[in-house]
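For reference, the structure is listed below as structure tokens.
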Amino acid sequence: MEERKILYSAIQPTNNLTIGNLIGAIKNWTNLQNDYDCYFAIANMHAITVRQVPADLRQTTLSMLALYLACGIDPEKCVMYVQSHVPAHAELCWVLNTFTYVGEMERMTQFKDKSARHAENINMGLMDYPVLMAADILLYQTDVVPVGLDQRQHVEISRDIAQRFNNIYSPTFKIPEALYMKVGAKINDLLDPSKKMSKSAENPNGVIYLSDDKDTVIRKFKRAVTDSGSEIKYDPEAKPGVSNLLTIYSVFTGKTIAEAEADFAGKGYGDFKLAVGEAVADKLTPIQKEQARLLADKSYLEGVLRSGAERASRTANRTLSKVYKKIGFYQL
Ligand code: TRP
């Protein structure tokens, strides 16, 4: 039997994921789980690189797991776990720190952005974020890492660190490849369609959060910017607002862009925006219900996490032990 490739991804625990995260990450994972051996982590160790409210972090950790499950990620097929439950992440991160240069970390785009946004707290963890991410990925001998473009540089540096280590010692880590989502599924802000829809946007009215109820979703779509003219046509250059709405409609209904255009031929912007809002709400409502149902069953969720941590640890510790041996750590 051919061995399946290994896929690794993670999301930081947060309550304000958007439909962009759903489409760009979690929904893709539900398809990928059939073709790869998947590890999906909840990256709480990355989360504390910016200040967190402890009670919220605890809560969002569970609600993130409930979301993964509500979206159809199957704990029988995939390993889902919390990063801090597998100590090997912190341990490998320490070793990899000694194969990473301060200069390369200072040049990372996300580090520079976050340092500007959190000028009062430019801590070592923020700078070390990519090395921890490299440890995440390399511990599992990962083949592919599905990520958004904002994480491209982090996957690149993981490859560099792995290659550096392999060259100094002998092949130890598999060199991972980034897997970018298909084009066309990029979702932009409803009020500023030139920008990617982001959970940290200044104006929440341009963003559909996964927790938004139906009324909120419809209200936000009604206010979405459209473009001059009245035609509902896909043309990202001339009609960025309408094109973004068509993309969202197409993603949430499974129709092609051409079919989406046909649905609205001769219709006005008002009807169009309402229909897009309804398509989105129709998909979000059942996910929200299932997430709430799961959150009420804490012992089930903890069981998933316990089994996930055990399975993840087994693989991770195998890699860590190889690393320790190669670098000369005395092992008992
Ligand atoms: N840094 C990623 C993000 O913010 C989350 C993450 C942590 C991750 N570790 C990872 C993604 C390993 C892929 C692989 O989106």
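Numbering (numbering that gives the first Met the number 0), first residue to last: 0 to 331. Glycine is no exception: its CB is placed at the ideal position from the N, C-alpha and C atoms. All of these numbers come straight from a predicted model, not from anything done at the bench.
- For P145, the uninterrupted beta strand (DSSP E) run begins and ends at 143-146, by DSSP.
- Annotation for I41: no alpha helix (DSSP H) segment contains it, though the beta strand (DSSP E) segment containing it runs 36-41.
- Using a Cβ-Cβ distance cut-off of 8 Å, the segment 159-170 and the segment 24-43 are not in contact, since fewer than three pairs of beta carbons, one from each stretch, lie closer than that value.
- Comparing alpha carbon positions, the residue from I217, K238, K221 closest to S227 is K238.
- Going by DSSP, Y299 is part of the alpha helix (DSSP H) stretching over 297-326.
- When beta bridges are read from the DSSP output, E176 appears opposite V143.
- Secondary structure at S210: coil, using DSSP grouped into helix, strand and coil.
- Between Q11 and the set I326, Y128, Q140, Y35, the nearest pair of CA atoms involves Y128.
- By the Cβ rule, the segment 302-319 counts as touching the segment 126-141, because three or more pairs are nearer than 8 Å.
- Rounded to whole angstroms, the gap between the alpha carbons of C92 and L245 is 43 Å.
- Boundaries of the alpha helix (DSSP H) harbouring L131: 123-138, taken from the DSSP string.
- It is roughly 35 Å from the alpha-carbon of Q109 to the alpha-carbon of E2.
- Under the 8 Å Cβ criterion, the segment 40-48 does not count as touching the segment 275-294, having fewer than three qualifying pairs.
- In this structure, Q150 has its beta carbon less than 7 Å from a heavy atom of ligand 1.
- Distance from the CA of L56 to the CA of A65, rounded to the nearest whole angstrom, comes to 14 Å.
- Of the residues S157, K266, I247, P175, the one whose Cα lies closest to the Cα of K195 is I247.
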